[in-house]
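Contents: one structure, followed by commentary.
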Amino acid sequence: MVDLMDDNDYNGNRNLTAVYNDAETRSRMSVTISPTLTNSSELLAEAAEMPERDHISEGLQHAVRQADFYYAPIIFALGIPCNTLAIILLCRRPLCKESVSVYLMAISTAESLFLCDSLYRWLADFTPFTLYHIGGWCQFITLVQHSSDFLVIWFMAAFSVNRYLTWCSPKYAARFCKVSPSRLIVISITIVSLVVYVNISLLFAHQTLGFGSKAYCMGLPLFRDAYINLTRGDVFINSFLPFCLIIIVFCLTARERYAKCMLQPCPQEATTEIPTADDAHVRAPPIALWLSLHVAYLLLMCPEEGLNMYYSTLGLSLPRYLQVKLYMWKKIFLLVKKTKYATNLFIFLASCPEFRESALNLAKAMCQCCRKRPTLAEFEETEPNMMHKESQTEN
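Residue numbers (my numbering): 73 to 467.
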């Protein structure tokens with residue numbers, strides 16, 4: 073997939089306008105480039121009709137480039153190990169018995185895959201390292217990118233619905249908010265993602281653009297029209313629909329929780345309709361965990377999703393329009409989105425006592441395993457004493 077900004081020949085004196093003004097480049101791009109699936113890590117658009125004298129701030133380009141060069145590796149170095157540790161902790165008892173842990177584990181896994189994909193693309197952009205020449209690698213990396221982004225937002229939507237049923241509909245919570253149904257939902261969403269994006273990944277191939285002779289994984293010109301239509305459909309199923317679902321369910325859940333807090337019954341009037349804390353399958357996690365995840369999503373992920381919908385609206389009326397400043401904002405919001413992907417472990421530790429307890433138990437177990445083993449001299453000193461004690465016991 074082509075990144076209009078990330079070419080190896082970039083320097084402080086070269087801006088995007090100069091690239092687009094090159095006749096050979098614009099001729100090639102007008103045929104090969106179509107609007108991207110808007111949940112990808114780059115914002116593609118057609119450059120054939122971009123005004124040649126459109127002023128692009130070189131300072132903004134340089135700032136975005138430097139932020140991507142220096143800040144992104146910090147996200148990768150922090151996010152991938154932290155998400156892996158979060159998955160390990162969620163697999164341990166007693167967290168593994170909670171239905172909500174299934175969704176948290178799925179979210180952390182999908183975000184780790186997205187960060188791994190972004191790490192490879194960062195290496196391909198800023199270093200000579202690339203694997204695009206390997207057959208099928210372009211299609212595979214496209215599948216990982218799009219499917220992981222799809223899974224993150226829909227796992228978040230499933231988590232929101234799970235919390236709403238647990239707190240507001242105990243009748244349905246007893247059926248759907250157990251571990252087995254939650255696993256089935258996660259598997260179903262994963263299968264849908266693979267089926268959809270396997271077909272879309274076949275529209276990509278390894279190609280080389282004119283400027284810099286840099287290799288990109290980008291859409292094939294043969295499927296240009298189909299790719300544009302799929303892009304617009306992807307905006308609906310991967311940005312607008314889950315975004316609205318999460319917002320609506322979050323508001324409904326917050327209203328119900330607030331109403332129950334304001335109208336808390338007296339102990340003698342309390343009923344047993346709401347599942348008690350003894351039911352491990354439907355027990356609700358702390359409200360702080362639910363609130364923290366949703367606030368992090370709304371603050372760090374919604375800007376990028378909103379930009380996707382905004383760009384799709386422009387694309388419907390001006391399908392061959394390119395606004396490079398919009399692409400700059402896309403890069404900025406993408407870094408903000410990746411920041412959210414790197415903070416799951418800290419959100420879990422700060423808002424969930426059970427998660428902190430599991431982390432503490434894991435740390436204690438690791439310390440016990442790392443204790444200094446007795447040396448050979450110490451073992452020889454203790455062996456006669458043990459034999460003497462055994463002989464005394466026999467006597």
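All C-beta atoms in this analysis are idealised placements derived from N, C-alpha and C, irrespective of residue type, glycine included. Note that this is a predicted model, so its numbers are computed, not measured.
CB contact check: residue i to chain D, cutoff 8 Å
i           : result
residue 380 : This model lacks chain D altogether; it includes just one protein chain.
Residues of its chain near residue i, where Cβ-Cβ distance is below 7 Å and the 5 sequence neighbours each way are ignored
i           : result
residue 340 : Model confidence at residue 340 stands at a pLDDT of 47, short of 50, so the residue's coordinates are unreliable; what they give is reported in the following sentence. Excluding residues within five positions, none has a Cβ falling inside 7 Å.
residue 338 : With a pLDDT of only 48 at residue 338, under the threshold of 50, the placement of this residue in the model should not be trusted, and no figure is reported.
residue 421 : 427, 428 and 431
residue 198 : 141
residue 401 : 379
residue 409 : 372, 373 and 376
residue 184 : 152, 155 and 156
Local conformation of residue i per DSSP, three classes
i           : result
residue 276 : strand
residue 291 : strand
residue 146 : helix
residue 250 : coil
residue 241 : coil
residue 210 : helix
residue 255 : helix
residue 442 : coil
residue 235 : helix
residue 153 : helix
residue 137 : helix
residue 165 : coil
Alpha-carbon spacing of residue i relative to residue j, whole angstroms
i           : j           : result
residue 368 : residue 440 : 36 Å
residue 378 : residue 174 : 28 Å
residue 246 : residue 239 : 11 Å
residue 311 : residue 438 : 41 Å
residue 442 : residue 433 : 14 Å
residue 160 : residue 436 : 15 Å
residue 327 : residue 248 : 22 Å
residue 196 : residue 145 : 13 Å
residue 290 : residue 147 : 25 Å
residue 396 : residue 131 : 13 Å
residue 209 : residue 226 : 26 Å
residue 302 : residue 241 : 36 Å
residue 256 : residue 383 : 34 Å
residue 252 : residue 320 : 26 Å
residue 243 : residue 193 : 46 Å
residue 133 : residue 250 : 49 Å
Test item: CB-CB of residue i and residue j under 8 Å
i           : j           : result
residue 366 : residue 322 : yes
residue 151 : residue 360 : no
residue 224 : residue 403 : no
residue 324 : residue 143 : no
residue 265 : residue 219 : yes
residue 154 : residue 363 : no
residue 166 : residue 229 : no
residue 211 : residue 274 : yes
residue 162 : residue 177 : yes
residue 171 : residue 254 : yes
residue 232 : residue 318 : yes
residue 411 : residue 287 : no
residue 292 : residue 276 : yes
Residue interval of the alpha helix (DSSP H) (run including residue i)
i           : result
residue 416 : 416–423
residue 204 : Per DSSP, residue 204 belongs to no alpha helix (DSSP H) and is neither H nor E.
residue 318 : 313–334
residue 198 : 171–198
residue 364 : 359–372
residue 308 : Looking at the DSSP string, residue 308 is not in any alpha helix (DSSP H), and its letter there is neither H nor E.
residue 406 : 396–413
Neighbourhood of residue i by C-beta distance below 8 Å, restricted to the same chain and skipping five residues each side
i           : result
residue 270 : 215
residue 419 : 361, 364, 365 and 368
The ligand GDP heavy atom lying under 7 Å from the CB of residue i
i           : result
residue 257 : The ligand content of the structure shown is nil, which means the ligand GDP is not present either.
Residues near residue i by beta carbon distance below 6 Å, same chain, minus five either side
i           : result
residue 479 : Because the chain here runs from 73 to 467, residue 479 falls outside it and cannot be looked at.
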